[in-house]
Amino acid sequence: MIRLVVFLLAINAVYAADGQPDATTPDGARYYGALKNGKFEGHGKLEWENGTVYEGNFQNGVFSGRGRLRASDGRFYAGEFARGQFDGRGRFEAPTGEIYDGEFVNGEFTGRGTYSRPDGARYRGEFVKWRLHGEGRFVDPAGNIYEGQFKDGAFEGQGTLTYANARPDGRAEVRGKWHEWQLIDDTDGSQGAPADTLAETALFNQRRLLDEALASIQPGRPGVIDMYVLAVGGDGSLEVFRREAEYVRADFDQRFGTKGRSIALVNSRRTAASAPMATVLSIGEAVKAIATKMNRDEDILFMFLTSHGSRDHEFSLQQSSMKLRNLPARELGHLLKESGIRYKVVVVSACYSGGFIEPLRDDGTLIITAARYDRSSFGCADENDFTYFGRAFFKEALPASRSFQDAFSRADALVAEWERKDQPGQDRSLPQIYTTPAINAQLARWWASQAK
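Its first residue numbered 281, the sequence shown is counted upward by one per residue in the numbering used here.
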């Protein structure tokens, strides 16, 4: 934002004729108003050649008191000045349509006030140097409301997020401790037990939950290309990964008839004691169980993994109060090779997920990743229902497509559009795809069977 300090101590000329400026400055600005000892004093108006205009009070040659400044680039301020700077109560309007209304100190928006954007987002509370900082209330463009603590422009500390519309799992709000927009410690009523108690309960129940899920897998049908789905939500500290994995499983069950041939393994602070967790062991057991039930030379495994990813290409597996081992790309590749499943579609939605392509590639596998091996992906916030790529591929592109390859092309374009709009200045994630004639042919046969 701008900081304006105007010292007008050198005056080139004084005119007496009506309509002429009372003084001009060395940079060519014209002044209309009173002078005292050769300096601007009292009410006056200053006009620059580029169109910038100030009208208001002067003291000892600088803006002081009430005034209005309209800059040539569209910036506008009306309010109090001191020592040539915004200082006191005022209203600042940016060319982008952003509006700050409240307290200014030494040219900065600092203190209590309000902020609004053209997209409908608005905030009321405390600021430090133009940033949301302290206690406040923020309403996003969708109508979701956060009330609580902010730091450096982000949710930070204790706060409550109230949703404009209830989440798919029925939640109307979440509350707890936040860090950089993300909920890191959920303390709402739906999770009353301490983390260590939840961990003990989860460990006690996990063997039974996993066994029940694996036992429910139905065998492949002779003469039919069946698709089996394994959806994995890896990082339990953010609910977006659980929601995304559960959505994909439910959507495939409904759209492609995979019910009875689909499993979701998720880490979550909400389901740790009621659903099978995602661990290296459970993922391995799920792949082996699917392989024993399917026709490994004909049926197709669709594996979706969503979580954080690392620069050394490990898929993050985290659960509250438990230390889980991450799944390296090479270990996943070895696991799939050992399964004997010929045809596979593997979609990895994570930062740096392009690094999974080389370890997983073979003649019968289509691989899709949310990012190149050296790029981050976006959208992994606790309150989101999808990551950028997950929404683009599964929610927007796939329903309008007749192949996973076509859906990828559509999703790639959508992600690029969203990143340009929402992540200016950030490197593009650059989603990747790897395919072969063999998997293309088998998928074409499967898609044809879906149309019947």
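Where a beta carbon is used, it is the ideal one built from N, C-alpha and C, also for glycine.
{"Asked": "Length of the line joining the Cα atoms of Arg529 and Glu360", "Found": "58 Å"}
{"Asked": "Nearest to Gly635 (by Cα), restricted to the options Arg591, His323, Gln534 and Pro502", "Found": "Arg591"}
{"Asked": "Residues near Ile734 by beta carbon distance below 6 Å, same chain, minus five either side", "Found": "The question about residue 734 has no answer here: the residues shown for the chain are numbered 281 through 732."}
{"Asked": "Contained alpha helix (DSSP H) runs [length at least 4] in the stretch 507–587, N- to C-terminal order", "Found": "519–536 and 560–573"}
{"Asked": "Inter-residue CB distance, Phe674 and Tyr527 (contact presumed, cutoff 8 Å)", "Found": "7 Å"}
{"Asked": "Meets three-Cβ-pair contact criterion under 8 Å: the stretch 653–669 and the stretch 512–525", "Found": "yes"}
{"Asked": "Assigned exposure category for Gln534 - 16 Cβ within 10 Å defines buried", "Found": "exposed"}
{"Asked": "Contact between the stretch 492–500 and the stretch 558–569 (3+ Cβ pairs under 8 Å)", "Found": "yes"}
{"Asked": "N- and C-terminal bounds of the alpha helix (DSSP H) containing His593", "Found": "No alpha helix (DSSP H) contains His593, which DSSP labels as neither H nor E."}
{"Asked": "Nearest-angstrom Cβ-Cβ length linking Thr394 and Val408, presumed shorter than 8 Å", "Found": "Rounded, the Cβ-Cβ distance is 15 Å, inconsistent with contact."}
{"Asked": "Alpha helix (DSSP H) segment containing Asp367, residue limits", "Found": "Counting along the chain, Asp367 falls outside any alpha helix (DSSP H), though it belongs to the beta strand (DSSP E) covering Gln365 to Glu373."}
{"Asked": "Every unbroken alpha helix (DSSP H) inside the stretch 696–732 [4 residues or more]", "Found": "717–730"}
{"Asked": "Whether Gly368 touches Glu383 by CB criterion (9 Å)", "Found": "yes"}
{"Asked": "Among Gln722, Val419, Asp465 and Thr551, nearest to Ala525 - alpha-carbon criterion", "Found": "Thr551"}
{"Asked": "Cut-off 7 Å between Cβ atoms - residues of its own chain near Ala362, not counting five sequence neighbours on either side", "Found": "Ser344 and Gly368"}
{"Asked": "Beta bridge counterpart(s) of Ile425 as assigned by DSSP", "Found": "Val419 and Thr442"}
{"Asked": "Cβ shell of Ala374 (< 7 Å), same chain only, five flanking positions each side left out", "Found": "Arg355"}
{"Asked": "DSSP state of Tyr653 mapped onto helix, strand, coil", "Found": "coil"}
{"Asked": "Distance, Asp432 Cα to His413 Cα", "Found": "6 Å"}
{"Asked": "Helix, strand or coil at Arg447 [DSSP, three-state]", "Found": "coil"}
{"Asked": "Of the residues Lys457, Ser562, Gln599 and Phe669, the one placed nearest Gly428, counting alpha carbons only", "Found": "Lys457"}
{"Asked": "Element boundaries [beta strand (DSSP E), containing Lys457]", "Found": "Glu453 to His459"}
{"Asked": "Residue(s) in a DSSP beta bridge with Ser629", "Found": "Thr586"}
{"Asked": "Asp465 - partner residues in DSSP beta bridges", "Found": "Lys457"}
{"Asked": "CB contact flag (Arg655, Tyr623, <9 Å)", "Found": "no"}
{"Asked": "Ala677 burial status per 10 Å Cβ neighbour count (16 or more: buried)", "Found": "buried"}
{"Asked": "Cβ-Cβ separation, Arg455 to Tyr443 (assumed contact under 8 Å), whole Å", "Found": "Contact doesn't hold; Cβ gap of about 12 Å is too wide."}
{"Asked": "For Leu615, the first and last residue of its enclosing alpha helix (DSSP H)", "Found": "Ala609 to Ser619"}
{"Asked": "Simplified DSSP state of Ala362, which is helix, strand or coil", "Found": "strand"}
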